[in-house]
Amino acid sequence: MNDKVALKLEKVTKVFGKDRNAVVAVKDADLSVSGGEFVLIMGPSGSGKTTLLTMAGCLLRPTSGTIRVNGTDVSRLPDKELSRIRQSSIGFVFQSFNLLSALTAQENVEVALNMMGRDGEQCRKEAASLLDGLGLEARRHFRPEKLSGGEKQRVSIARALVKGPGIILADEPTANLDSRRGREIVEILKNAARDANKAVVVVSHDRHQCC
Ligand code: ADP
Ligand code: MG
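Numbering (my numbering), first residue to last: 9 to 219.
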């Protein structure tokens, strides 16, 4: 296991709004995740899970505290640098899959590889191999509308796996799936940590689907 810390949050706080309308969504959160680790954060709806994950993914700036991605303090980086780090290192998996509906499963993954700088032929090969590895060899050329929820989530995991140094952040990835499919998705994310040395953080309000 790689013991280098991929993602480190120290005393991270996020306050939305001001004065009487202020909402403290996250308060003094600490988190440290290394490559090879799978971390599950549980909490009820409204407890700040999405806010925390969005800050960890460099999509939202904290009000205070420090966030390090692969050692770089991202809390005060300019937007352009932030989006470069996000694009190269962080894969997101969402409850609602967020696949491009006009593209096939294969093409959805190819787009992500292309953004990582791979050329056409390499994109095709890598996308096919990632999808095959997640049991989707017979579904590669289907568009999202022809895929089940579990299959769509596998495609979105394949897309998240293309990111280089490898942090995967999953926001309620099982919420739209039945419990068996949900557990399969959690197993895939655990394998991504163990076999691909990714730092994986999953947030969920539903213990039954994740444990
Ligand atoms: P969870 O994902 O655990 O359900 P959230 O992180 O979405 O929780 O929300 C935490 C709290 O922050 C909630 O009270 C929510 O209403 C508030 N909140 C989230 N995003 C915003 C925002 N953009 N503006 C104002 N309040 C927000
Ligand atoms: Mg949420």
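Idealized CB from N, CA, C, for every residue including glycine.
None of the values given here were measured: they were computed from a predicted structure.
For V209, the enclosing beta strand (DSSP E) starts and ends at 207–212.
Any heavy atom of the ligand ADP within less than 6 Å of a residue's beta carbon puts that residue on the list, which reads F24, G25, V31, A33, G51, S53, G54, S55, G56, K57, T58, T59. Among the bridge pairs identified by DSSP, I176 is matched with G99, V208. Taking K206 as the centre and dropping the five residues before and after it, the same chain places the C-beta of G174, I176, A200 closer than 6 Å to its C-beta, in chain order. Between T80 and I98, the beta carbon gap of about 12 Å keeps them out of contact (Cβ cut-off 8 Å). In this structure, the straight-line span from the alpha carbon of K19 to that of T59 is close to 14 Å. Here M50 carries a strand assignment [DSSP, helix/strand/coil]. Around the CB of N116, 16 or more other CB atoms lie within 10 Å, so the residue is classed as buried. If you draw a straight line from the Cα of D127 to the Cα of A135, it is about 12 Å long. Counting the other CB atoms within 10 Å of its CB gives M124 a total below 16, which places it among the exposed residues.
For the beta strand (DSSP E) assignment, the uninterrupted runs of no fewer than 3 residues enclosed by the segment 132–193 are, from N- to C-terminal side, 175–179. G25 is positioned such that its CB atom lies closer than 7 Å to that of V31. Here the C-alpha atom of K160 lies approximately 23 Å from the C-alpha atom of M50. Spatial neighbours of L138 in its own chain (CB-CB distance under 8 Å, excluding positions within 5 residues in sequence) are listed in chain order as V117, A166, L169, V170. If you draw a 10 Å sphere on the C-beta of S212, you find 16 or more other C-beta atoms in it, and that means buried. Residue state for A33 is assigned as strand, using DSSP reduced to three classes.
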